Amino acid sequence: MNVIPIGPINPIFKEPIRIKLIVEGEVVLGAEIEMGYVHRGIERIMEGKHYLKGVHLAERVCGICSYIHTQTFVECIEKISDIEVPDKARYLRVIVTELERLQSHLLAVSMYGMAIEHETLGIWCLNIRERVMDLLETITGNRINMGYNVVGGVRQDINREMLESIYSTLDSLEEDVKDIMEIFKKGPLISLRSKGIGVIGYREIMKTRAVGPVARASALPESDWRLRHPTYKELDFKPVWTEEGDNYARSLVRLKEIFTSIELLRRALELYEESGGMVRKKVDIKGGAGEWRNEAHRGEVTYKISITDGGIIKRILIRSPTVMNLSAYKYMLKTCPTVSDAVATYVSIDPCVSCTERSIVLLDRRTGEVKPYFK
Amino acid sequence: MIKEFFRKRSIHACVVNTGGCNGCDIEILTLIASRYDIEQYGIYIHNNPREADLLIVTGPVTLPWKDRLKELYEKTPEPKVVIAVGACALSCGIFKEGHVCGPVDRIIPVDGVIPGCPPRPAQIIEAILKVVPTSIAEREKVIKEEISQ
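Here it is in structure tokens:
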């Protein structure tokens, strides 16, 4: 029995994490995951700050899914102090979230393509993603960390030219993603490297509470929190799911979700054009505590906030999806014949480490005590 | 002579995320897309510090990274150049009050900085092309003089 340490700097990882693979020859038996490289203590910084600063800090929890974090933060405060957001702002939020989901899923498929040594697929997906990033830039003003949400609405309206450019780009995008879908289904290398590898079933999903595309690929469509969101109920959203639960199914779910996102975007744009009024509303914050959940691109994200009357944050708790998916990763390793398959499986759950590292605890091995990292 | 000329045109880069929010890393990752295509300038991103000429550091230095970053810098063979990308690597940015031990230049010497949260891909390419070839050549000269003495 040998141990192969991977990381924290590795060609395959975007972010620092250390995985110790326990192997016997080429067969992977298990894994230990070491984290703590990206912990910055965002919740601690937020305590005692005004909620307007909190929005910007929540954005920097993660760079890929920065918008959905601000949306969850803002909607949680709106729920606590009973603020009704104008219709236009609600649809604009859906539009930006779904555009961000498009770029995140395209990036995930491209990274998986790179991990199974199919670089052509990876570069194609990255090229398509650039067009989505252009749309995000025209709407919000920045590619990543957009700063678009405020409590009570969004910062800016969009105009006629932007609407037309969104419509035309969505049409061309759909055709290109259809091409990629065909390549993904017919390409011999992709199915050879990914079918039947990293399988996770219903029982293990319930044991580890995995969320997002990982759960949806193992026949759990009700794990999608967009089903319970009030705005998505108007857009009659239907989740995508498959049964196999292997690497291939996870990437296929992401590709299929791109099509549902494009449909949702079209419907939201129609409803946006019908609605009128302002995009932002004057608010006054009432004190209290509350909780709000949203479907981020990797699974459900939870914000639990308690806030005072003036809008000072007392305590905040963030729960992000990758924690559960990483513990599901240990069960996937049973069906990974080689080390390179284990690495590809790690990429297929689309981990986001800077979301994950929300707290550090020290385990004293001698006494078995668990202490906080900082007193 | 020929070796010096080609050295300017073949740079191996290693991206080190020392605790950033991932935004800068994604912008560096998009550099390999056909629109920016960093490989046409002879820069190859492959994340192996033992072969790298250029360390691209993003994010504030968190507590577990303090010793690791020093080790990583020592592992990288001379001549080497360090570029800090993003507001966090410059001055810790928004995480100044968090569990971090300072900007990158407090831990290792830094040759170039790119401000922005995150900087655009075109800016990153421009900065790398301006700073890296000249400073690698200068560094190589200094090392040669030291050896001859």
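Chains A and B supply the protein sequences, listed in that same order.
So the first sequence is numbered by the numbering used here: it starts at 21 and just counts up by one.
So the second sequence is numbered by the numbering used here: it starts at 349 and just counts up by one.
The beta carbon of each residue, even a glycine, is placed where N, CA and C say it ideally should be.
Small disclaimer: the values here were computed from a predicted structure and weren't measured.
For chain A, the residues of the stretch 382–394 of chain B that bring a beta carbon within less than 7 Å of one of its beta carbons are 382, 383 and 394, in chain order. Between residue 410 of chain B and residue 125 of chain A, the beta carbon gap of about 29 Å keeps them out of contact (Cβ cut-off 8 Å). Taking CB atoms only, residue 481 of chain B has no neighbour in chain A less than 7 Å away. DSSP, read as helix, strand or coil, puts residue 328 of chain A in coil.
Close to residue 106 of chain A, with beta-carbon spacing below 9 Å, lies no residue of chain B; the smallest spacing is near 29 Å. Taking residue 81 of chain A as reference, the option from B:405, B:401 and B:367 with the minimal CA-CA separation is B:367. Selection A:205, A:215 and A:83 evaluated against residue 167 of chain A yields A:83 as nearest (Cα-Cα). Between residue 470 of chain B and residue 462 of chain B the beta-carbon gap is near 11 Å, outside 8 Å, which marks them as no contact. In the three-state reduction of the DSSP assignment, residue 49 of chain A falls in the strand class. With three or more CB-CB distances shorter than 8 Å, the stretch 425–443 of chain B counts as touching the stretch 401–416 of chain B.
Per the coordinates, the alpha-carbon of residue 89 of chain A lies some 31 Å from the alpha-carbon of residue 139 of chain A. Neighbourhood of residue 57 of chain A in chain B, by CB distance below 9 Å: 365, 366, 367, 410, 412, 413 and 416, in chain order. Of all residues in the stretch 30–52 of chain A, only 30, 31, 34, 35 and 36 place a beta-carbon less than 7 Å from a beta-carbon of chain B. For a Cβ distance threshold of 9 Å, residue set 61, 64 and 65 of chain A lies close to residue 445 of chain B, ordered along the chain.
Excluding the 5 residues flanking it on each side, residue 309 of chain A has same chain C-beta neighbours closer than 6 Å at 326, in chain order. Within chain B, the C-beta atoms nearer than 9 Å to that of residue 76 of chain A come from 442, in chain order.
Membership of residue 399 of chain B in any alpha helix (DSSP H) is not indicated, and neither H nor E is assigned to it by DSSP.
Secondary structure of residue 116 of chain A (DSSP, three-state): helix. Among the CB atoms of chain A, one or more fall inside 7 Å of the CB of residue 373 of chain B.
In the three-state reduction of the DSSP assignment, residue 320 of chain A falls in the strand class. Apart from the 5 residues on each side of it in sequence, residue 232 of chain A sits with its Cβ closer than 6 Å to the Cβ of 318, 319 and 341 in its chain, given in chain order.
Contact between residue 466 of chain B and residue 375 of chain B holds, since their C-beta atoms are separated by about 5 Å, short of 8 Å. Contacts with chain A (Cβ-Cβ distance below 8 Å) from the stretch 464–492 of chain B involve 465, 466 and 468, listed in chain order. In terms of CA proximity to residue 305 of chain A, A:97 leads the group A:28, A:48, A:49 and A:97. Using a Cβ distance threshold of 7 Å, residue 348 of chain A and residue 234 of chain A count as a contacting pair.
Around residue 332 of chain A, the same chain offers 68, 69, 70 and 71 as residues with beta carbons nearer than 8 Å, after the five sequence neighbours per side are excluded. In this structure, the alpha-carbon of residue 120 of chain A lies about 23 Å from that of residue 311 of chain A. Rounded to the nearest angstrom, the gap between the Cα atoms of residue 144 of chain A and residue 151 of chain A is 12 Å. Rounded to the nearest whole angstrom, the CA to CA distance from residue 355 of chain A to residue 50 of chain A is 11 Å. When beta bridges are read from the DSSP output, residue 312 of chain A appears opposite A:323. In this structure, residue 40 of chain A places its C-beta atom within 7 Å of the C-beta atom of residue 25 of chain A.
The beta carbon of residue 347 of chain A does not come within 7 Å of any beta carbon belonging to chain B, so the residue lies off that interface. By the neighbour-count criterion, in which a residue is buried when 16 or more other Cβ atoms sit within 10 angstroms of its Cβ, residue 216 of chain A is exposed. Looking only at B:360, B:357 and B:381, the smallest Cα-Cα distance to residue 147 of chain A is reached by B:381. Contact note: residue 83 of chain A reaches chain B through 368, 369, 370, 371, 372, 373, 374 and 466, using a C-beta cutoff of 8 Å and chain order.
When Cβ-Cβ separations below 7 Å define contact, residue 146 of chain A makes contact with chain B.
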